[in-house]
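Since the structure comes first, as structure tokens, the remarks are kept for the end.
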Amino acid sequence: MSQDLGLWTVPLAVLGGAIRVSTPFLFVSLGETITERAGRINLGLEGTLVFGAMAAYATAVVTGSPWAGVAVAGLAGAGFGLLHGAICSLARVNDVAVGIALMLFGSGLAFFLGKPFIQPSAPPLPAIPFGFWSDLPQVQAALRVNVLFLVGAVLSVALWWAFRNTKAGLVIRVAGDSAEAARAMGYDVTKVRVLATMAGGFLAGIGGAYLSLYYPGSWNEGISSGQGLMAVALVIFARWNPLACFGAALLFGGAGALGPALQSVGVSSGYYLFYAAPYVLTLALLVATSSPDRALAGAPGELGLSR
Amino acid sequence: MVADAAPSGAQSGMMVADKRTSPVIQFLAWLARRAEAVVIPLGAVLAGLALFSLFLVALGKSPGTLLDLVWRGGFGSAFALQNSLQRAAPLLFAGLCVALPARLGLVVIGGEGAIVLGGLAAAVVAPPLSGLPAPLVVAAMALAAALMGAAWIGAVGALKAYRGVDATIASLLMSYIAIALANHLIEGPLRDPTSLNKPSTLPVGAANMLGPMPGIGVHWGLGVGVLACLAAWLLMERTTLGFSARIAGGNVRAAQIQGLPVRRLVVGFTALGGAAAALAGFFEVAAVQGNANATLAAGYGFTGILIAFLARHNPLAIPPIALALGGLEASSGLIQRRMQLPDATILVLEGLLFLCVLVGETAYGRFKIFSPHLWASKKAATA
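Line by line, the protein sequences are chains A and B. The first sequence begins at 1364 in the working numbering and counts up by one. The second sequence begins at 10 in the working numbering and counts up by one.
Here it is in structure tokens:
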């Protein structure tokens, strides 16, 4: 049964798109939140995302299991996190510059190793049809929710809780707010930061697996166009709060889905301008929430961005 | 005040070379300091090449063959060298777009956007001026490009200076916006209806195209780019403005106490960088393409980031490094064909070099052989 929904198609498609598109934003921003809470910024997650997408796709093609792909993508991401964390632990090395280098290196390596996997098709990740109650195919399409989205949602609550209530969360926050205080408490700040960067890379790698194994669901060299970097900006907007990351990721996902949604109802002129919507939104939010004089509320004290 | 903020580094060379030391010792101390800035990046590049060789060996490919192909494809013949120089031209401008703001401590990575919009601006002003003499049209194109680029990257500086927005993230976001905007205009309102398969703007006209530089057969972007690097070096090292920028980049608070216009410096240097990047777009349009199309976003802006970091933001080091990377990218096709390696091979190598150069930052000041004090005291002891 397919009836004409008229203009309702657009908000419905945006909602469905928000759920579909937001998952990589969510994972990368949660990962970056962990890293930045510990006092480092990793701009290289864009490269990690692309490499994760490639690693997941290649693994899924070879083993036939998308979940093996997710695992490999996470481990590869953790490897990139370790690289970033270790290099930034050296004296006088700038974490922002290392992030840019890893952005280029991660994508370059992914394009290099992923060349043979552009053609073959990999088994996709499963989705749960929450729209079963409706007869409308549009509603069913919008509410087909991927398992990883749910994992991300649970994870954002869990991280929010863990930062407040667990010892590990406290240690990460202290390392990020004052390295001296953490040292005085007897913790190895470098080790905490390297581990936090690895955790961030792990989640970003999984975000990449979602890209290649579910939506858009293929591996090619244009798989990510700055989602990893936008997610880093999103963390600033979300004030380093995992719960706010969830909302912000949905917002960004919706903005990203606007172009395709309008295209589906026949609005095709200005396609490129709608394509730019998430970038404009990110920039606008950054401008609106930044301040020239004081450090941002909630910003980890040791973070290069807030100094 | 400023000297207190930076007690080591720049001052140490001068402190050693006091009245009692001979010119020879002064020279040795100077040489030691300068040698550090050459030896460490070179060592880092060699380490990157070594890592890349291991990567190739692990894949069963020969690093020697690759080196030979890079030489033949990028430098070994007059034709190859010409090709490399042609590719180096836009990279000079793209490198400046990173190096100039870096003097103020800003990491601007969105030069690609200024290149694309600069090229578009140049292509747009040419057709309405078609009645004018060619030199005037070309000057108007260059001016339009430079203003466009200055406004675009200058806006990144203004956002940083007046709103505290991170310049790295803002500039990259703005480059995505710039490319989307350019695609929209080139395929929509500004499209030449006769450009069917490859959407482009109206041609700028054959009379308004720049010819090659006499003698070397490479377009004028190369010569102007080298001059721009020279000018940027003079600005940074030999003017009060450049000195002020360096103070502001080192210690914002100290600069403010000194009464330096930090905000205007940030906007000015980012705008200059943007104007430089936009000139790369101008030359692509006026000397290569003849109109603005999607090939303007060829990734020069991103290679420019690597170049500026390899040069440690010294404009004089940009031309040789741009030539080296231009040659590397020129040999990419040959490497793909002869070694059956994907085109991303060069990206992997560039990424490794970038990482190694950054790791090299930690080596500065760690080797006694580069310390001016060592040389001064050694000579004093033997004398």
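Glycine included, each C-beta is placed from N, C-alpha and C at the ideal position. Just so we're clear, the structure is a prediction, and the values are computed from it rather than from any experiment.
Contact criterion: CB-CB distance below 7 Å. Does residue i meet it with respect to chain A?
{"i": "Ser380/B", "result": "no"}
{"i": "Leu51/B", "result": "no"}
{"i": "Leu100/B", "result": "no"}
{"i": "Val368/B", "result": "yes"}
{"i": "Arg273/B", "result": "no"}
{"i": "Val357/B", "result": "yes"}
{"i": "His193/B", "result": "yes"}
{"i": "Arg255/B", "result": "no"}
{"i": "Thr312/B", "result": "no"}
{"i": "Pro208/B", "result": "no"}
{"i": "Gly158/B", "result": "no"}
{"i": "Thr177/B", "result": "yes"}
{"i": "Val116/B", "result": "yes"}
Can you give me the Cβ contacts of residue i inside the same chain, cut-off strictly under 7 Å, excluding the 5 residues immediately before and after it?
{"i": "Phe84/B", "result": "Leu90, Ser93 and Gly336"}
{"i": "Ala149/B", "result": "Val134 and Leu138"}
{"i": "Val146/B", "result": "Ala135, Leu138 and Asn217"}
{"i": "Ala1624/A", "result": "Val1373, Ala1376, Val1377 and Gly1380"}
{"i": "Val1487/A", "result": "Sequence check: residue 1487/A is Pro here, not Val. So the list reads Pro1429, Leu1576, Tyr1577 and Gly1580, once near-sequence residues are dropped."}
Could you check how far apart the C-beta atoms of residue i and residue j are, in whole angstroms? I think they sit under 8 Å.
{"i": "Ala254/B", "j": "Leu113/B", "result": "5 Å"}
{"i": "Pro212/B", "j": "Asn302/B", "result": "About 11 Å separates the two Cβ atoms, so there is no contact after all."}
{"i": "Ala153/B", "j": "Ala130/B", "result": "4 Å"}
So is residue i buried or exposed if we call it buried at 16+ other beta carbons inside 10 Å?
{"i": "Val33/B", "result": "exposed"}
{"i": "Leu1370/A", "result": "exposed"}
{"i": "Gln1590/A", "result": "buried"}
{"i": "Lys1554/A", "result": "exposed"}
{"i": "Pro1579/A", "result": "exposed"}
{"i": "Val66/B", "result": "exposed"}
{"i": "Asn1405/A", "result": "buried"}
{"i": "Lys169/B", "result": "buried"}
{"i": "Val25/B", "result": "Residue confidence for Val25/B is low, a pLDDT of 47 falling below 50, so the modelled location carries little weight and cannot support an answer."}
{"i": "Trp161/B", "result": "buried"}
{"i": "Pro1489/A", "result": "exposed"}
{"i": "Asn206/B", "result": "exposed"}
{"i": "Ala1547/A", "result": "exposed"}
{"i": "Trp384/B", "result": "buried"}
{"i": "Ile378/B", "result": "exposed"}
{"i": "Ala1611/A", "result": "buried"}
{"i": "Val1517/A", "result": "exposed"}
{"i": "Trp1603/A", "result": "buried"}
Counting only the same chain and skipping the five closest in sequence on each side, list residues whose C-beta sits under 6 Å from that of residue i.
{"i": "Val116/B", "result": "Thr177"}
{"i": "Ala1544/A", "result": "Val1537"}
{"i": "Gly57/B", "result": "Leu361, Leu362 and Cys365"}
{"i": "Glu359/B", "result": "Leu315"}
{"i": "Ser180/B", "result": "Val117, Ile118, Gly119 and Val165"}
{"i": "Pro110/B", "result": "Val117, Phe278, Thr279 and Gly282"}
{"i": "Thr1645/A", "result": "Met1593 and Ala1596"}
{"i": "Gly1394/A", "result": "Gly1563, Leu1566 and Ala1567"}
{"i": "Ala1559/A", "result": "Ile1397, Thr1398, Ala1401 and Ile1535"}
Do residue i and residue j have their C-beta atoms closer together than 7 Å?
{"i": "Ile124/B", "j": "Ala284/B", "result": "no"}
{"i": "Val261/B", "j": "Val276/B", "result": "no"}
{"i": "Asn192/B", "j": "Tyr1635/A", "result": "yes"}
{"i": "Thr1411/A", "j": "Phe1390/A", "result": "no"}
{"i": "Ala264/B", "j": "Gly104/B", "result": "no"}
{"i": "Ser1575/A", "j": "Trp1582/A", "result": "yes"}
{"i": "Ala1639/A", "j": "Ile186/B", "result": "yes"}
{"i": "Glu370/B", "j": "Val1461/A", "result": "no"}
{"i": "Phe1565/A", "j": "Gly1437/A", "result": "yes"}
{"i": "Gly220/B", "j": "Phe102/B", "result": "no"}
{"i": "Glu338/B", "j": "Gly128/B", "result": "no"}
Got a sec? Which residues, its chain only, sit under 8 Å from residue i by beta carbon, not counting five neighbours each side?
{"i": "Ala1431/A", "result": "Thr1422 and Ala1423"}
{"i": "Gln1503/A", "result": "Pro1492, Gly1494, Phe1495 and Ser1497"}
{"i": "Leu1666/A", "result": "Glu1399, Gly1402, Arg1403, Ile1404 and Gly1539"}
{"i": "Ala1542/A", "result": "Gly1402, Val1552 and Glu1665"}
Any C-beta of chain B sitting closer than 7 Å to the C-beta of residue i?
{"i": "Ile1463/A", "result": "yes"}
{"i": "Ser1653/A", "result": "yes"}
{"i": "Leu1597/A", "result": "no"}
{"i": "Ile1450/A", "result": "yes"}
{"i": "Val1680/A", "result": "Because chain A here runs from 1364 to 1670, residue 1680/A falls outside it and cannot be looked at."}
{"i": "Phe1474/A", "result": "yes"}
{"i": "Gly1471/A", "result": "yes"}
{"i": "Ala1620/A", "result": "no"}
{"i": "Arg1455/A", "result": "yes"}
{"i": "Val1459/A", "result": "yes"}
Using a beta-carbon distance below 7 Å, is residue i in contact with chain D?
{"i": "Leu1649/A", "result": "Within the model displayed, chain D is absent; protein chains A and B are what it includes."}
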